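Numbering (the UniProt record's numbering), first residue to last: 1 to 243.
Glycine included, C-beta positions come from ideal geometry on N, C-alpha and C.
It should be emphasised that the depicted structure is a prediction, and the values quoted were computed from it without experimental measurement.
What follows is a set of notes on a single structure, which appears directly below.
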């Protein structure tokens, strides 16, 4: 089973930053998960929240910022003064560093306005192709089915994951319709029966966000392929392989 650093390594560095990616490399992780959105001037940037307030010294909705404004925000001091110089990165810079470090990236597309889905997918697709990022080193996921539908057409060669909270009764039909490779669900609501059913159909099963190894100790036996965690260091200390 693979350990995937959630938002980089969110317990050791500011989330969704290059510093977090470097921490993942230090731990020997092969995968990280990040979130992306669009700025007002259509740049794909790495950030989770609709607003910049929580993880920077800025205020207001991300979509109101242009890149030249956003890049000046301090995205590290809220976590620790040692990260004062950390910035919200562009996705192109994040993926370039990940390539250099040999780390694969699960890119989650965040859509807070339904009108953003198509724009975000088109910009993301152009970025992947323009900069020649290895499509086998990427996984694109979203809670928004519209994003996954766009990506079916725009980037059919990049694996996709459907994000859900609870595993729905029609999970298999949704995965088939969207041509996804993986189902991503909240680890708290997953049963062994559900896990075995997903695996029996040949799909990958990924669970978020489990920060206590003892709570998912049975998941490898259930066939779970990947765990997203803010604290991969705790798993490694407990003897789990990085994957």
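- Annotation for residue 35: the continuous beta strand (DSSP E) segment containing it runs 31-38.
- By the CB criterion at 8 Å, residue 86 and residue 19 fall inside the cutoff.
- Three or more beta-carbon pairs separated by less than 8 Å link the segment 149-169 to the segment 119-128, which places the two stretches in contact.
- Straight-line measurement puts the Cα of residue 220 at about 12 Å from the Cα of residue 214.
- Looking at 122, 161 and 132, the one whose alpha-carbon comes closest to that of residue 141 is 161.
- Taken through DSSP and simplified to helix, strand or coil, residue 182 comes out as strand.
- The beta carbons of residue 243 and residue 73 sit no closer together than 8 Å.
- Beyond the five residues adjoining it in sequence on each side, residue 5 comes within less than 6 Å, by CB distance, of 24, 29, 32 and 232 in the same chain, given in chain order.
- Residues of the same chain with a CB within less than 6 Å of the CB of residue 230, apart from the 5 flanking positions on each side, are 6, 10, 11 and 211 in chain order.
- When secondary structure is reduced to three states using DSSP, residue 69 falls in the helix class.
- Sequence-distant partners of residue 158 (beyond 5 residues in either direction) whose C-beta falls short of 8 Å from its own C-beta, in its chain, are 128, 135, 138, 139, 140 and 151.
- Measuring C-alpha to C-alpha distances from residue 51 to each of 238, 41, 194 and 70 identifies 70 as the nearest.
- The beta carbons of residue 39 and residue 78 sit about 20 Å from each other, so the pair does not count as a contact at 8 Å.
- Apart from the 5 residues on each side of it in sequence, residue 98 sits with its Cβ closer than 8 Å to the Cβ of 21, 32, 104, 105 and 137 in its chain, given in chain order.
- Residue pairing from DSSP places residue 90 in a beta bridge opposite 45.
- Secondary structure of residue 142 (DSSP, three-state): strand.
- For residue 207, no alpha helix (DSSP H) segment is defined; the enclosing uninterrupted segment is the beta strand (DSSP E) at 204-208.
- Between residue 181 and residue 203, the gap from beta carbon to beta carbon is short of 8 Å.
- Here the alpha carbons of residue 117 and residue 59 stand approximately 23 Å from one another.
- In this structure, the beta-carbon distance from residue 1 to residue 224 falls below 8 Å.
- Secondary structure at residue 110: coil, using DSSP grouped into helix, strand and coil.
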